[in-house]
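Input: a single structure, listed below in structure tokens.
Numbering (the working numbering), first residue to last: 242 to 429.
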């Protein structure tokens with residue numbers, strides 16, 4: 242009887258370990274890919290500090306356990322977790338790309354199509370195509386919106402960490418607020 246219990250327990254344990262291994266193996270590309278791609282975009286596109294990104298953006302679930310290496314010369318990020326590894330590269334004009342089923346050299350050899358220059362001045366064109374915003378907007382409480390923006394961004398209120406906050410009313414921006422190191426030109 243004891244032998245049957247021991248064999249049954251061993252079979253269950255072995256089955257659980259095999260299933261766990263397959264499950265973790267299926268998660269590895271997600272964990273390492275998420276970390277590599279997001280860190281690459283934050284560093285090479287938004288110009289953020291890698292340590293800040295790891296502390297704020299990548300500090301959750303299994304993602305926090307990924308080990309990340311940023312290569313600023315070749316503009317690539319390598320993320321590792323257990324036996325999994327993912328690489329994301331930055332390419333001018335394309336942004337950051339996670340390498341999956343393609344060689345880095347082949348991907349880097351692709352050329353971005355030539356884009357025609359803007360035919361208008363953004364400083365004289367109405368938002369959203371330009372930067373001009375009407376002076377008077379009725380029907381809103383700007384002070385209250387500014388307070389919400391300040392609480393959300395400066396004080397991390399409402400249970401989160403916002404990098405930026407913007408309210409658009411009837412197609413027109415009425416309040417915007419940015420966290421330290423972020424501005425209207427930062428690509429998020």
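A virtual CB, placed ideally from N, CA and C, is assigned to each residue, including glycine.
In the structure shown, the three-state DSSP call for residue 269 is helix. Between the stretch 261 to 275 and the stretch 388 to 395, the count of C-beta pairs closer than 8 angstroms stays below three; the two stretches do not touch. Counting along the chain, residue 327 sits inside the beta strand (DSSP E) bounded by residues 325 to 332. If you draw a 10 Å sphere on the C-beta of residue 379, you find fewer than 16 other C-beta atoms in it, and that means exposed.
A residue is called buried once 16 or more other Cβ atoms fall within 10 Å of its Cβ, and residue 296, having fewer, is exposed.
Between residue 273 and residue 322, the C-beta spacing is below 9 angstroms. DSSP, reduced to helix, strand and coil, places residue 365 within a helical segment of the structure shown.
Per DSSP, residue 395 lies in no beta strand (DSSP E); the unbroken alpha helix (DSSP H) holding it starts and ends at 383 to 395. Between residue 348 and residue 340, the gap from beta carbon to beta carbon is short of 9 angstroms.
Residue pairing for residue 353: DSSP places it in no beta bridge.
Across the set 325, 293, 360, the C-alpha of 325 shows the shortest separation from the C-alpha of residue 267. Beta bridge pairing from DSSP links residue 413 with 410.
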